[in-house]
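Enquirer: So that we are looking at the same thing, I have put the structure below in structure tokens.
2 protein chains.
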Amino acid sequence: MDSKSSNHQHWVTENFDDQVKFGFPRSEILFSEKSEFQTVEVVSSPTHGKILLNDGCFMLSERDEAIYHEMMAHVPLFLHTNPKKALVIGGGDGGTAREILRHTSIEKCVLVEIDEAVVRACKEFIPQTAVAFQSPRLKTFIEDGVEWAKQAAAKIINGERDAEKFDIICVDSTDPVGFAQPLFGDEFYANLRTILSPNGIIVSQGESPFYADKMQETLAKVLKNNFSRVHFYNFTNMTYPGGLWSFSYASNSIHPIDDFSRSRVASSGMEFQYYNLGVHEAAFLIPEFQKKKLSAYLNPL
Amino acid sequence: MDSKSSNHQHWVTENFDDQVKFGFPRSEILFSEKSEFQTVEVVSSPTHGKILLNDGCFMLSERDEAIYHEMMAHVPLFLHTNPKKALVIGGGDGGTAREILRHTSIEKCVLVEIDEAVVRACKEFIPQTAVAFQSPRLKTFIEDGVEWAKQAAAKIINGERDAEKFDIICVDSTDPVGFAQPLFGDEFYANLRTILSPNGIIVSQGESPFYADKMQETLAKVLKNNFSRVHFYNFTNMTYPGGLWSFSYASNSIHPIDDFSRSRVASSGMEFQYYNLGVHEAAFLIPEFQKKKLSAYLNPL
């Protein structure tokens, strides 16, 4: 049933949940290491640039990583009137931080990545995203994000001197299996709520509306327990199964469309590959099947 | 690099342009025939239902075909105030016609499919879409759509008694290779322009913004030559390479957002799997990279 022959000798392939297999032509294997948490790989592809995989799942390709990272960063950043402090949980490739740091209002971005092998692999082989680590405004911790958030919340609760709140929090995690599972849990989000500034926004990697509808429901429910405003917004890239993918959006104040200042995007002078004024609003207008499944948890727009 | 083993013995796989390979678990091969035009196959998948392939390319799966067919049919149909006659060029699976015929204002839908093997395979194995062929309002021709359009245009020009114009035209074609190539050409669209009613709308399968950007430009240019209003609108399904896909939109009068009557959708009482009020408008708000590439041809929104 595979009717067309290939000119490529090697392919790099992901088997997603035994429901879909997909892959891209591969040239070299640049990095392959079994870390404490996962197998981290970087390969090069003649058609998709450098590709990062964790445990055999595509995390990013150079060809389309801008889509994910722009949509994770700029949607909340252009909604907050004056974001100064940002937190990235996960995101060890640096792509989300890179986009966050394009906003000149950001004074400090904290990145908490559990797996130093991811950061090391990207610093060596994917400078396109790892360029973020060169910024003096980025502070990186190689720590468990769940534990880090717990301690950061405790500092707030105890009124410690170095306690701090964040205007933008991006949960840039892998799929909710193994060590990443608690990143989709109630305790984690209760802690993030504590360290979120009053007009703050939390966006999280929200899985596939097609293939992970139950996981989306679980995440939406957790968010509804903790925040007064919950939405999902979608984007499409080339390297995730099914193409369509979601971020969750949570805030106690900011409406993702009504509070969107189109002029702020224009006056930023920033250029994007995927994001624009229309895409910002369109992303929140999700397909009917997804809207119905999440209707008990999402706020009306 | 294929780290996870599979429980499925067989997979059905598409190699798209030697840039991406993707596939789904397969149980039986239900239909396989080399017709005059292409190899037509229907297979069953334990995860995606029945799947139709032409020349090894996925045309539809039962699991997600509603997305493509809803977006091709309902976007133009809910824009036209009183669509009575529809034309489908291609679409031999019946899915687009099925959605068109849900609109009670439609008195007649003409479907022109070049390959009778597609219609026969779907009638036998994919009743989910082929149900359309049972409608007395559907008139099917097994003919070359390019030639059919030429003759239909000649009838209009010559003022023949059985000449007719169409309110909605859907060009539901395969990829622009081989016999389908002229379906993306200037002569074909000039003929469609002739048989389009004054408030008519033409939508066409518009390929991948990621993988077929040059083809999108070619199609957009052809449309601009023939119609005063040209747009592209996007959707995402699971069985096309990269996930993100486009329809082109052409009309000499109707604006796809300003002329959209939200109340007409509500009063139709119709239920959808993917389409809804938000999705209709959001679909036209295309990603920045695509907008830039097509900017010379698309009207502003």
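Protein chains in written order, with the working numbering: chain A, 1 to 301; chain H, 1001 to 1301.
For glycine and all other residues, C-beta sits at the position ideal for the given N, C-alpha and C.
(1) Can you give, in chain order, each stretch of the beta strand (DSSP E) that sits fully within the region 160-242 of chain A and has at least 3 residues?
(2) Just list the residues that DSSP pairs F247 of chain A with in beta bridges.
(3) Which of the residues in the region 238-266 of chain A, read from start to end, lie with their CB under 7 Å from any CB of chain H?
(4) Inspect the beta-carbon positions of R262 of chain A and L277 of chain A and report whether they are closer than 7 Å.
(5) Any Cβ of chain A within less than 7 Å of the Cβ of Q1134 of chain H?
(6) What is the rounded straight-line gap between the Cα of T239 of chain A and the Cα of E113 of chain A?
(7) Suppose only complete runs of 4+ residues qualify. What are the alpha helix (DSSP H) ranges in the region 1087-1120 of chain H, listed by chain order?
(8) Let me see if you follow: with CB-CB separation under 7 Å, is S1044 of chain H close to chain A or not?
(9) Could you name the residues of chain A that L1052 of chain H contacts, counting a contact when the two beta carbons are closer than 7 Å?
(10) By alpha-carbon positions, which one of A:G200, A:F22, A:V75 ends up nearest to F232 of chain A?
(11) Using alpha carbons as the reference points, say which of A:F24, A:Y189, A:V42 lies closest to F31 of chain A.
(12) What three-state label does DSSP hand D2 of chain A in the structure shown?
(13) Which bits of chain A does P1189 of chain H rub up against, with CB to CB less than 8 Å?
(14) Helix, strand or coil for M1071 of chain H? Go by DSSP, reduced to three states.
(15) With 7 Å as the threshold, decide whether the Cβ of E107 of chain A is near any Cβ in chain H.
(16) Looking only at C-alpha atoms, which of A:K155, A:E124, A:V118 sits nearest to F141 of chain A?
(17) Given N299 of chain A, which residues of its chain have a CB within under 7 Å of its CB, disregarding the five upstream and five downstream residues?
(18) Using a Cβ-Cβ distance under 7 Å, would D2 of chain A count as near chain H?
(19) Considering only residues of the same chain and omitting the five flanking positions on each side of Y1189 of chain H, which have a CB-CB separation below 6 Å?
(20) Buried or exposed: where does P25 of chain A fall if 16 or more other Cβ atoms within 10 Å of its Cβ makes it buried?
(21) Roughly how many whole angstroms lie between the Cα atoms of M1 of chain A and L53 of chain A?
(22) Return the first residue and the last residue of the beta strand (DSSP E) that K34 of chain A is part of.
(23) Would you mind stating whether K84 of chain A and E107 of chain A have Cβ atoms separated by less than 7 Å?
(24) Leaving out five residues on either side along the sequence, give the residues of the same chain with a beta carbon under 7 Å from the beta carbon of F302 of chain A.
(25) Please return the same chain residues whose Cβ sits closer than 8 Å to the Cβ of E1207 of chain H, not counting the five positions on each side in sequence.
(26) List the residues of chain A that P1287 of chain H touches, going by C-beta distances under 7 Å, in chain order.
(27) In the DSSP assignment, what residue or residues form a beta bridge with L60 of chain A?
(28) Could you give the DSSP three-state label for E1271 of chain H: helix, strand or coil?
(29) Could you tell me if the beta carbon of Y1189 of chain H falls within a distance shorter than 6 Å of some heavy atom in the ligand MG?
(30) Give me the Cα-Cα distance between Y1249 of chain H and A1163 of chain H, rounded to the nearest whole angstrom.
Expert: Once the coordinates are examined:
(1) Qualifying beta strand (DSSP E) stretches, in chain order: 166-172, 196-205, 229-236.
(2) Translated into the one-based positions of the first sequence, residue 247 of chain A becomes position 247. For F247 of chain A, which the question treats as bridged, DSSP gives the partners A:Q205, A:Y233.
(3) Listed in sequence order: M238, G242, G243, L244.
(4) On the first sequence, position 262 is the one that residue 262 of chain A refers to. On the first sequence, position 277 is the one that residue 277 of chain A refers to. Yes, the pair counts as a contact, with Cβ atoms nearer than the cut-off.
(5) Residue numbering aside, residue 1134 of chain H sits at position 134 when the second sequence is read from its first letter. Chain A has no Cβ within less than 7 Å of the Cβ of Q1134 of chain H.
(6) If you number the first sequence from 1, residue 239 of chain A lands on position 239. If you number the first sequence from 1, residue 113 of chain A lands on position 113. Those two C-alpha atoms are separated by around 22 Å.
(7) Taking only runs of at least 4 residues, the alpha helix (DSSP H) segments lying wholly in the region 1087-1120 of chain H are 1095-1100.
(8) Counting from 1 along the second sequence, the entry for residue 1044 of chain H is found at position 44. S1044 of chain H does not count as touching chain A.
(9) The residue given as residue 1052 of chain H occupies position 52 in the second sequence. Neighbours of L1052 of chain H on chain A: none; closest Cβ ~12 Å, over 7 Å.
(10) Sequence index remark: in the first sequence, residue 232 of chain A carries index 232 (1-based). Nearest to F232 of chain A by alpha-carbon distance, out of A:G200, A:F22, A:V75, is A:V75.
(11) For the purposes of this step, residue 31 of chain A is taken as the residue at position 31 of the first sequence. That would be A:V42, whose Cα lies nearest to the Cα of F31 of chain A.
(12) Looking up residue 2 of chain A in the first sequence gives position 2. With a pLDDT of 48 at D2 of chain A, under the threshold of 50, the modelled position of this residue cannot be trusted; read the value that follows with caution. Under the three-state reduction of DSSP output, D2 of chain A falls in the coil class, being neither helix nor strand.
(13) Residue mapping note: residue 1189 of chain H aligns to position 189 of the second sequence, counting from 1. For the record, residue 1189 of chain H in the displayed sequence is Tyr; it is not Pro. Those do not exist, as Y1189 of chain H stays about 26 Å from chain A at its closest Cβ, beyond 8 Å.
(14) Here residue 1071 of chain H refers to the residue found at position 71 when the second sequence is read from its first residue. In the three-state scheme derived from DSSP, where H, G and I count as helix and E and B as strand, M1071 of chain H is classed as helix.
(15) The residue given as residue 107 of chain A occupies position 107 in the first sequence. Taking Cβ atoms only, chain H never reaches closer than 7 Å to E107 of chain A, which makes this a no.
(16) Position 141 of the first sequence, counted from the start, is the residue given in the question as residue 141 of chain A. Measuring from the Cα of F141 of chain A, the nearest candidate turns out to be A:V118.
(17) Looking up residue 299 of chain A in the first sequence gives position 299. Around N299 of chain A, the same chain offers R229, V230, H231 as residues with beta carbons nearer than 7 Å, after the five sequence neighbours per side are excluded.
(18) Position 2 of the first sequence holds residue 2 of chain A. Confidence is the limiting factor: at D2 of chain A the pLDDT is only 48, short of 50, which leaves the residue's position unreliable and the question unanswerable from this model.
(19) Your numbering for residue 1189 of chain H matches position 189 in the second sequence. The beta carbon of Y1189 of chain H lies closer than 6 Å to those of V1222, N1226 in the same chain, with the five residues before and after it left out.
(20) Here residue 25 of chain A refers to the residue found at position 25 of the first sequence. Counting other Cβ atoms within 10 Å of its Cβ, P25 of chain A reaches 16 or more and is therefore classed as buried.
(21) By one-based count along the first sequence, residue 1 of chain A stands at place 1. By one-based count along the first sequence, residue 53 of chain A stands at place 53. Reliability of the predicted coordinates at M1 of chain A is poor, the pLDDT of 45 falling under 50, and the value obtained from them is presented with this limitation in mind. Taking the straight line from one Cα to the other gives about 27 Å.
(22) Here residue 34 of chain A corresponds to residue number 34 of the first sequence, with the count starting at 1. First-last of the beta strand (DSSP E) with K34 of chain A: 29-34.
(23) The residue labelled residue 84 of chain A in the question sits at position 84 within the first sequence. The residue labelled residue 107 of chain A in the question sits at position 107 within the first sequence. Contact: yes.
(24) Since the first residue shown for chain A is 1 and the last is 301, residue 302 of chain A is missing from the structure and cannot be characterised.
(25) As a first step, residue 1207 of chain H must be located in the second sequence, where it is residue number 207. Closer than 8 Å at the Cβ level, and outside the excluded window around E1207 of chain H, lie D1175, P1176, M1215, Q1216, L1219, W1245, S1246.
(26) Position 287 of the second sequence holds residue 1287 of chain H. Correct list: Y274, V279.
(27) Residue mapping note: residue 60 of chain A aligns to position 60 of the first sequence, counting from 1. Answer by DSSP bridge pairing, in chain order: A:L52.
(28) On the second sequence, residue 1271 of chain H is found 271 positions in, with the first residue counted as 1. In the three-state scheme derived from DSSP, where H, G and I count as helix and E and B as strand, E1271 of chain H is classed as coil.
(29) Here there are no bound small molecules, and the ligand MG is not part of this structure.
(30) Your numbering for residue 1249 of chain H matches position 249 in the second sequence. Your numbering for residue 1163 of chain H matches position 163 in the second sequence. Distance between the alpha carbons of Y1249 of chain H and A1163 of chain H: 24 Å.
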